[in-house]
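In UniProt numbering, the protein residues as written are 1 to 425.
Don't be surprised by glycine CBs; every beta carbon is placed ideally from N, CA and C.
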């Protein structure tokens, strides 16, 4: 469907090559502008540095975020973490002094549209809020596929401009150890079920010998049970398929991730939360005249067979329950994998999607459950949900798997004093 929109434009010979490159970028989750081919870019959108750490030399394929330093970065910053040069007081390279043995590691997300942080600004749909200013971010949004990974739960790094606030696993790892600066990759899209292994093969940038270990979050929280088909149950991933797909992905990761990496499998969400908290509320399209509810929107999308999730966005309670039952079965597959499987280059863990804890935390802060859901699509987690989810995930890891997060770098203050924002993001 994405490619179909190009067909009329791409009929022009002059645009044919450009169109092919855009298709390649979308298929493989790679930066559109990447002059040295190392999968990192100096351009923000079109799978650029909004999605993975910004390259600091796009003409040198050996310079990119996440690699181990070349000769302790005496002369230049080979891993783009902003730390390089030699301390004139003692002649020791700063990278060696501050980062050697510091448990440096990156964070990688393999996920669906929730992980990419899909968001359509409600002011685009709300008549009373429409203005030229409200559409100022439209070009950026479209060149990021209506995703906002720069604010997301796992790899967010910029202050949110879409409500809420930004908190992410990456930012917390960076705060814990500033040597981790810019080491992030978000390889997410609303892919078809079972295709995440293909996305990982195309988009993952990690050299097993030259790069630092990584924490990989595997999170397709609804992709395997959500589709727009009338016979939606028949098109859901089965437990057997789930086992095969995930094991395939993990075996591939074992050939690519540096030793001492970590993988966290995230369970599927219980999407009954969506209908329960939104169905009788007014959608942004209907807020002016109070004439379009989420229930009506869901029915309309289902009629067109373009519903993001026919199993949960339905008045049919039995179907909603069956969809959640399948989601639980698939989560149990992930839990069993984490318990029973061993890999050479990473350890593996499982955690439930923290929806209940997120809702409870938001309630304590005075919020309402519906505010945890994207207002326009009525389906994806909101910016608030993403930020709260980070805190819950971090606390779980800190208490149950502290080695996954690495130790706190005692030189953080010195790094900040000398290198300031380390070149920014």
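Out of curiosity, what's the CA-to-CA distance linking residue i and residue j?
i           : j           : result
residue 252 : residue 35  : 27 Å
residue 29  : residue 90  : 44 Å
residue 162 : residue 303 : 30 Å
residue 323 : residue 49  : 36 Å
residue 267 : residue 147 : 22 Å
residue 237 : residue 51  : 27 Å
residue 335 : residue 225 : 17 Å
residue 79  : residue 152 : 23 Å
residue 285 : residue 142 : 20 Å
residue 272 : residue 259 : 39 Å
residue 351 : residue 265 : 6 Å
residue 201 : residue 122 : 35 Å
residue 3   : residue 98  : A caution first: residue 3 carries a pLDDT of 46, below 50, which makes its placement in the model unreliable, though a value can still be read off. Those two C-alpha atoms are separated by around 47 Å.
residue 406 : residue 106 : 11 Å
residue 110 : residue 58  : 24 Å
residue 311 : residue 374 : 18 Å
residue 342 : residue 247 : 11 Å
residue 362 : residue 394 : 16 Å
residue 346 : residue 261 : 5 Å
residue 63  : residue 401 : 31 Å
residue 206 : residue 249 : 15 Å
residue 307 : residue 219 : 21 Å
residue 376 : residue 197 : 30 Å
Tell me which residues share the same chain as residue i and place their Cβ nearer than 8 Å to its Cβ, disregarding the 5 neighbours each side in the sequence.
i           : result
residue 138 : 124
residue 6   : Note that residue 6 has pLDDT 49, beneath the 50 cutoff, so the model's placement of it is unreliable and the number below is only indicative. Excluding positions up to five away in sequence, the list reads 19, 22 and 23.
residue 25  : 31, 32, 46 and 47
residue 73  : 79, 83, 84, 85, 93, 94 and 95
residue 392 : 354, 357, 358 and 361
What does a CB cutoff of less than 7 Å around residue i pick up in its chain, not counting 5 residues either side in sequence?
i           : result
residue 174 : 180 and 181
residue 419 : 82 and 83
residue 294 : 278, 279, 281, 283 and 378
residue 171 : 156 and 157
residue 60  : 36
residue 10  : 16 and 19
residue 309 : 222, 226, 271 and 379
residue 128 : 288
residue 103 : 177, 406 and 407
residue 239 : 329, 330 and 333
residue 372 : 358, 359, 362, 381, 382, 384 and 385
If I measure Cβ to Cβ from residue i and keep anything under 6 Å in the same chain, skipping five residues before and after, which residues do I get?
i           : result
residue 216 : 108 and 263
residue 165 : 387
residue 255 : none
residue 410 : none
residue 229 : 235
residue 221 : 114, 268, 269 and 353
residue 292 : 283, 285 and 286
residue 412 : 178
residue 397 : 404 and 405
residue 186 : 51, 109, 149 and 155
So, helix, strand or coil for residue i, using DSSP?
i           : result
residue 106 : strand
residue 262 : strand
residue 31  : coil
residue 411 : coil
residue 282 : strand
residue 11  : helix
residue 219 : strand
residue 404 : helix
residue 246 : helix
residue 214 : strand
residue 121 : coil
residue 423 : coil
residue 239 : helix
residue 86  : strand
residue 203 : helix
residue 115 : helix
residue 19  : helix
Subject >> Length at least 3, wholly inside the segment 128–188: the beta strand (DSSP E) runs in chain order >> reply: 184–188
Original post:
If you scan the segment 39–79 from start to end, which runs of the beta strand (DSSP E) of 3 or more residues do you find wholly inside it?
Top reply: none
**OP:** Mind the definition here: the segment 200–213 touches the segment 59–73 only if three or more C-beta pairs lie below 8 Å; say whether that holds.
**Re:** yes
**OP:** Indicate whether the contact test is met: 3 or more Cβ pairs, each with one atom in the segment 363–383 and one in the segment 113–129, closer than 8 Å.
**Re:** yes
Subject >> Continuous beta strand (DSSP E) assignments of at least 3 residues falling wholly in the segment 333–394 >> reply: 346–351
Original post:
Is the segment 297–313 in contact with the segment 345–355, if contact means three or more CB pairs nearer than 8 Å?
Top reply: no
Original post:
Fully enclosed by the segment 272–316, which alpha helix (DSSP H) runs are 4 residues long or longer?
Top reply: 272–278 and 294–303
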